[in-house]
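Participant:
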Amino acid sequence: MSATMLRRALSRPLIRCNRWQCVRNLFVQLPETHEMLRKTCREFAEKELKPIAGTFDKEHQYPREQIRKLGEMGLMAVAVPQELGGAGLDYLAYAIGMEEISRGCASTGVVMSVNNSLYLGGILKYGTEEQKQKFIPPFTTGEKVGCFALSEPGNGSDAGAASTTAVLEGDHYRLNGTKAWITSAYEGEAAIVMATIDKSKKHKGINAFIVPMPSPGLSLGKKEDKLGIRGSSTAQLIFEDCLVPKENRLGEDGAGFKIAMSVLDSGRIGIAGQALGIGQAALECALEYSGKRESFNQPLHKFQAIQMKLADMEVRLQSARLLTWRAAMLKDAGLKFTKEAAMAKLAASETATFVAHQVRLETQLDMSIL
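Just so we're aligned: 11 in full-length UniProt numbering is position 11 of the sequence shown, and the numbers increase by one with no gaps anywhere.
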């Protein structure tokens, strides 16, 4: 399906679950809109992502052209309203799309994830109208991608302990400090950055800022040499007297901690979808391998011990998928979803690790660490 056809299909009225449906049951069958999205994303992943995923990962190569194509399909801004350049869908659609894209290439998936939920999601919810018009449309097309800068070398992702500081000087804030493990650091063209304005107020003394990249006083650390997902750069953002316009403050004064917590809740749905895609791809490798590899004149999948392992993988994936969809549906229905998003991320990430471990060590499939 072409990008034009997909956008036309996605322009149909979206079938959403109401609050009662969301609490009482899960979909027995996905709505037509979401099923079409799932099929389209899977076809794209098979054709455009799987053939390049291994090479891009080994060579630390950014999937620039693939990201552009995702932008054309509306997948770099799934839940952003169409008037701002997005697809205008919901978080269930986002979770489904994340899984299918990550199934083809986890590096492409993580770029899609951060841009959708952590960067665009934060500005969409807390930005002024001027900020939305300036910092959302250019990041929906895949030509530009955004970053989210919370974690620090000494504080991890503890949003209440940010040592990066922001001092108001006239019509600018002066930022100093270091952010660590920032996805898309080398490709990003803007970042949401958390910085402390008043240490005495603890978590109420933190602001969020939209920082264009590059900016004077902002430099990048070396690219981290990761075990996987190496098609997306991960590096430090180093602020040394970096001046940020006052109008780039995101949300109210002192609202940075609240913004970080809210954005991370939504981000966990995307990470869960990404982990599901990785786990599903690993399971499919196991199924293919166990059907081709023979022992004692029969395929491996004929042995009960192997069948039990494959069944265990499938059960865990299906369970994590339902948790992920439920968290997304709760968010779409306007209900609390913090706990459910955390559960989904935990279940999906542990499932992906379990499945990859089983595939690599138990069925002896020669594959790299995911």
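Just so it is clear, CB atoms sit at the ideal spot from N, CA and C, and this is done for glycine as well. Only a predicted model underlies this, so the values are computations on that prediction, with no experimental measurement involved.
For N25, name the three-state secondary structure that DSSP assigns.
Facilitator: Unreliable positioning characterises N25 in this predicted model, as indicated by a pLDDT of 48, which lies under 50. The coordinate reading is nonetheless provided below. Note: N25 maps to coil in three-state DSSP.
Participant: Alpha carbon to alpha carbon, how far is K132 from G228?
Facilitator: Taking the straight line joining both Cα atoms gives about 33 Å.
Participant: Ordered along the chain, which non-local residues of its own chain (more than five positions away) have a Cβ less than 8 Å from that of G142?
Facilitator: So the list reads I67, R68, K69, L70, G71, E72, M76, once near-sequence residues are dropped.
Participant: In the stretch 213 to 278, which residue ranges form an unbroken alpha helix (DSSP H) of at least 4 residues, counting only runs that do not cross its ends?
Facilitator: Correct list: empty.
Participant: Starting from R174, trace the beta strand (DSSP E) in both directions and tell me its first and last residue.
Facilitator: Element bounds for R174: 172 to 183.
Participant: Would M194 and F257 qualify as a contact pair, given that the criterion is a beta-carbon distance under 9 Å?
Facilitator: Cβ distance < 9 Å, so M194 and F257 count as in contact.
Participant: Which two residues bound the contiguous alpha helix (DSSP H) that contains M112?
Facilitator: 106 to 113 is the extent of the alpha helix (DSSP H) around M112.
Participant: Please list, in chain order, all residues of the same chain as G221 whose beta carbon is under 7 Å from its beta carbon, the five residues on each side excluded.
Facilitator: So the list reads A235, Q236, I238, once near-sequence residues are dropped.
Participant: Roughly how many whole angstroms lie between the Cα atoms of E35 and E130?
Facilitator: Cα to Cα, E35 sits roughly 35 Å from E130.
Participant: Once you ignore the five residues that flank E46 on each side, which residues in its own chain have a CB closer than 7 Å to its CB?
Facilitator: Contacts found: G104.
Participant: Under a Cβ-count criterion, where at least 16 other Cβ atoms within 10 Å of its own Cβ denotes burial, should G170 be classed as buried or exposed?
Facilitator: So G170 counts as exposed.
Participant: When the Cα atoms are used, what is the spatial distance from I269 to F296?
Facilitator: Straight-line Cα distance between these residues: approximately 44 Å.
Participant: Measuring only the C-alpha atoms, how far is N155 from Q318?
Facilitator: Spanning the two alpha carbons is a distance of roughly 34 Å.
Participant: Below 8 Å on the Cβ atoms is my guess for F148 versus I192; work out the distance and round it to an integer in Å.
Facilitator: The pair is a contact, with the Cβ atoms about 5 Å apart (cut-off 8 Å).
Participant: Please report the distance separating the alpha-carbon of A328 from that of A320.
Facilitator: Near 12 Å, if we compare the C-alpha coordinates of A320 and A328.
Participant: In the structure shown, what three-state DSSP assignment does F337 receive?
Facilitator: Reduced to three states, the DSSP call for F337 is coil.
Participant: With distances taken Cα to Cα, identify the nearest neighbour of D241 among T165, K125, S262.
Facilitator: Residue T165 is the option with its Cα nearest to D241.
Participant: Report the rounded CA-to-CA distance for F44 versus I101, giving the unit in angstroms.
Facilitator: Between F44 and I101, the C-alpha separation is close to 8 Å.
Participant: Considering I192, what are the terminal residues of the beta strand (DSSP E) in which it resides?
Facilitator: Residues 190 to 196.
Participant: Helix, strand or coil: which one does DSSP assign to L75?
Facilitator: Coil, per DSSP.
Participant: Can you tell which of I210, W325, A162, V355 has the C-alpha that lies nearest to the C-alpha of M308?
Facilitator: Nearest of I210, W325, A162, V355 to M308, Cα basis: V355.
Participant: Which whole-angstrom value describes the C-beta separation of G254 and I206, a residue pair presumed to lie in contact below a C-beta threshold of 8 Å?
Facilitator: About 7 Å separates the two Cβ atoms, so the contact holds.
Participant: Could you pull the DSSP bridge partners for L168 from this structure?
Facilitator: According to DSSP, which records beta bridges pairwise, L168 is partnered with Y173.
Participant: Based on DSSP bridge pairs, tell me the residues matched to N207.
Facilitator: According to DSSP, N207 bridges with A195.
Participant: In angstroms, rounded to a whole number, what distance separates the CA positions of K204 and M261?
Facilitator: One C-alpha to the other measures close to 12 Å.
Participant: Are at least three pairs of beta-carbons, each pair with one atom in the stretch 182 to 192 and one in the stretch 210 to 217, less than 8 Å apart?
Facilitator: As far as the Cβ criterion goes, the stretch 182 to 192 touches the stretch 210 to 217, which means the pair count is three or higher.
Participant: Candidates A272, I306, I278: which alpha carbon is nearest L287's?
Facilitator: Of the candidates A272, I306, I278, the one whose C-alpha sits nearest the C-alpha of L287 is I306.
Participant: Buried or exposed: D366, going by 16 or more other Cβ atoms within 10 Å of its Cβ?
Facilitator: Confidence is the limiting factor: at D366 the pLDDT is only 40, short of 50, which leaves the residue's position unreliable, though a coordinate-based value still follows. Classification for D366: exposed.
Participant: Pop quiz: S117 and G267 are said to be a contact at Cβ under 8 Å. What is the actual Cβ separation, rounded to whole angstroms?
Facilitator: Indeed, because the Cβ distance is near 4 Å, the residues count as touching under 8 Å.
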